[in-house]
Amino acid sequence: MKLFERAASEPGPGPSKANKGHMDIITPELATVLDRTKVSDRKAIFVAAKTAKSLGYDIKEVGLNRSTIRRKRIFNRIEQSQKLKESLQRNVSLIVHWDGKLLPELTGKEKIDRLPIIISGKGVSQMLSVAKLSSATGEAQAQVIYNALNEWDITDKVIGMSFDTMSANTGKDKGACILLEEKLGKKLFLFFLPSSYYGTYHWKSISYSFGNFIKSRSTLSIQVQKYLKHFQEYWGFIDRDKFEAGLKEDNIKVLLQDIKDEILEFATRQESSSTPSEPGPRDYIEFVELVIIFLGGIPVRGIRFRLPGVMHHARWMSKVMYFLKIFIFRSQFKLTKREDRSS
């Protein structure tokens with residue numbers, strides 16, 4: 001933000017005496033594309049010069065240098081940000097959402113805490129900020145959330161907040177929720193995202209399967225990662241047409257006999273509600289489809305299996321999808337002796 005403010009206070013890029021008559025090809029549209037494709041200023045000079053030459057322009061007539069491109073990109077970001085703020089619908093009630101993430105620092109290889117902040121309401125969905133946190137405390141989070149709401153001039157429109165159920169958010173005295181309410185001077189509706197609960201159940205299930213020889217959760221996590229990595233590497237040898245529903249196993253059939261139809265109906269309904277015009281998150285749709293196949297049903301889009309993806313430590317669903325696929329292809333996936341003893 002300081003960089004933007006400093007750039008805004010400086011004179012805008014204009015032709016010097018030496019550059020009068022030079023063609024200005026760094027348009028707002030091109031500046032936006034350079035940002036979205038993460039092209040550096042130095043590389044942008046090369047791309048723009050070669051593009052201009054291929055279109056028949058004389059490079060000498062095209063004003064290109066690193067400092068000019070940088071200024072134009074900064075000014076374009078400021079302009080686009082102002083347009084978003086001006087176009088934001090402010091006559092509806094809003095919910096503010098946040099969820100801390102550990103992301104790579106822009107100027108180095110280390111990772112830092114950032115807090116994506118989003119608002120939603122009727123006809124409104126807008127990211128306000130991805131603020132850098134000085135610390136992961138409730139006070140630090142509440143302050144950057146309040147600053148973002150104040151900057152967008154919507155503090156009076158916020159009626160609720162959506163957040164993960166971690167102590168930094170829900171602490172009785174120093175949690176981000178109660179501190180944000182104090183800063184706003186009003187009570188807000190609370191919308192919990194209890195992902196940690198599902199993660200706990202997920203780990204309990206894994207512990208039950210792997211716990212024969214694994215004592216600690218940290219050791220368990222390492223072993224599970226190796227197990228899933230083995231399956232990911234083996235995927236190319238699996239015949240996706242030769243899958244087996246989970247209900248073919250007698251013990252699974254007994255466990256699910258009273259709730260199978262209810263789960264299948266719910267999963268099918270969730271899949272059907274995701275239309276091409278309003279698709280749900282890709283991993284959620286895949287999860288629902290795997291549940292349907294596991295229970296012996298056929299998804300609306302047919303039976304298909306995606307390549308096992310990235311194994312997220314923080315996302316329980318990514319691991320659940322791995323285990324569903326492993327079970328569905330249990331007759332083809334060859335376990336190591338150690339993995340076999342744990343099952």
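Okay, so the sequence shown: first residue is 1 according to full-length UniProt numbering, each after it adds one.
All C-beta atoms, glycine included, are put in the ideal place defined by N, C-alpha and C.
In chain order, each alpha helix (DSSP H) run of at least 4 residues that lies wholly inside the stretch 79-140: none
Boundaries of the beta strand (DSSP E) in which residue 54 is found, first to last residue: Unbroken run through residue 54 is the alpha helix (DSSP H), 41-54; no beta strand (DSSP E).
Own chain, CB closer than 6 Å to residue 28, minus 5 neighbours either side, in chain order: 76
Exposure of residue 326, with buried meaning 16 or more beta-carbon neighbours within 10 Å: buried
CB of residue 317 within 8 Å of CB of residue 294, strictly: no
Strand pairing of residue 193, partner residues [DSSP]: 164
Exposure of residue 161, with buried meaning 16 or more beta-carbon neighbours within 10 Å: buried
Residue 90 burial status per 10 Å Cβ neighbour count (16 or more: buried): exposed
Selected residue, minimal CA-CA separation from residue 42, among 66, 136, 56: 66
C-alpha distance - residue 159 paired with residue 256, whole-angstrom precision: 41 Å
Three or more C-beta pairs below 8 Å linking the stretch 171-189 and the stretch 140-159: yes
Status (buried if at least 16 other CB within 10 Å, exposed otherwise) for residue 291: buried
Classification of residue 92 by the beta-carbon crowding that lies within 10 angstroms, buried from 16 upward: exposed
Which residues DSSP lists as bridging residue 224, in chain order: According to DSSP, residue 224 bridges with nothing at all.
Limits of the alpha helix (DSSP H) - the one that residue 267 falls within: 260-272
Coil, strand or helix - residue 158 by DSSP: strand
C-alpha gap between residue 44 and residue 80, whole angstroms: 20 Å
C-alpha gap between residue 100 and residue 55, whole angstroms: 46 Å
Own chain partners of residue 253 with C-beta closer than 7 Å, once the 5 adjacent residues on each side are dropped: 247
Per DSSP, cross-strand counterpart(s) of residue 33: For residue 33, which the question treats as bridged, DSSP gives no partner whatsoever.
Classification of residue 169 by the beta-carbon crowding that lies within 10 angstroms, buried from 16 upward: buried
Outcome for residue 172 when other beta-carbon atoms lying within 10 angstroms are tallied against a minimum of 16: exposed
Cα-Cα separation between residue 213 and residue 224, rounded to whole angstroms: Note on residue 213: pLDDT 41, under 50, position unreliable in the model; no value is reported.
Proximal residues to residue 105 (C-beta, below 7 Å), its chain only, five neighbours per side dropped: 111, 112
Straight-line gap, residue 328 to residue 283 (C-alpha atoms, nearest Å): 17 Å
Range covered by the alpha helix (DSSP H) that runs through residue 178: 176-184
Supposed contact pair residue 94 and residue 129 - C-beta distance, whole angstroms, cut 8 Å: Contact doesn't hold; Cβ gap of about 14 Å is too wide.
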